[in-house]
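Going by my numbering, the first residue of the sequence shown is number 91, and it counts up by one from there.
Just so you know, even glycine gets a beta-carbon here, dropped at the ideal spot from N, CA and C.
Structure, as structure tokens:
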Amino acid sequence: MGRLAIINCCQYNLVKFIMTNNQEGKTDRKPNIWKLTRCVFRAFDILRFPCIFEFFWHILTKVSPLNQGEIEAASEMFGPNPSRFNTVRIAQGRLLNIVFLFNRKRPFVTFHTINYSRPRDNSRKHLADIIHELTHVYQFELVGTIYLWEALRAQWKWKGKAYDYGTWQELIIKRNQGWHFRDYCREQQAKMAEVYYRDILSADTPISDNERQAYEPFIHELRHGDL
Ligand SMILES: [Zn+2]
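What follows is the structure, given as structure tokens:
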């Protein structure tokens, strides 16, 4: 096959992929925005945009690895895997001081970097915050840069409710209706991990506790990367 034919074939398949299929299975002229978005973020991953971004971002901010208390909390939550936590950096200060003026000092994750404005005091609140942000890092590792778009889209769409997955009693109802961890939006997933760590793991709640039982099937899926 000549080079032109290969290019034409690739073009045809790409256009076909981003077009919406109508009910008869025929390709519609309207592009499927979701598929297009996925293509753009996949291109970021292939071009190693996160590595390039973090190279410059770490120069513009002050970064440090997770401390011992944070690694222990992460191991308790996600399972022991020291080499995985070695890649995570916490960025504070410098350019971030300006960024935090505009986002009410809310922490956020850029790939393997947790951008953090609060003191790292190893309190239960701080470690639960770190678990929330590490869940976003884990999302990035599993689905690529599109996690960032999905998390931001949830915040724009539902504002404060983007984090609200309901009570533990509602978790039981949702589970009985066939819900999985992956059915929750990126912010709800991170909030679920945060609350599980804060109220159950670090509180040494017994395994037989009803609230713990409600969380367990969802957290099991998180730990196995089903998100
Ligand atoms: Zn979040």
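Rounded to the nearest angstrom, the Cβ distance from Arg-276 to Ala-241 is 4 Å, consistent with a contact under 8 Å. For Arg-194, there is no enclosing beta strand (DSSP E), since its DSSP letter is neither H nor E. Within 10 angstroms of the beta-carbon of His-148 lie fewer than 16 other beta-carbons, which makes it exposed. Contact annotation: Ala-164 and Phe-146 have beta-carbon atoms that are not nearer than 9 Å. Boundaries of the alpha helix (DSSP H) harbouring Thr-225: 214 to 233, taken from the DSSP string.
Separation of the CB atoms of Arg-179 and Lys-152 is rounded to 10 Å, and the pair is thereby denied contact status at 8 Å. Look at Gln-182 here: in three-state DSSP terms it is strand. Ile-290 sits in a helix when the DSSP states are folded into three classes.
Exposure of Pro-155 is indicated by the presence of fewer than 16 other C-beta atoms within 10 angstroms of its C-beta. Fewer than three Cβ pairs drawn from the region 252 to 264 and the region 120 to 132 lie within less than 8 Å of each other, which leaves the two stretches out of contact. Taking the C-beta atoms as reference points, Ala-181 is found no nearer than 9 Å to Glu-284.
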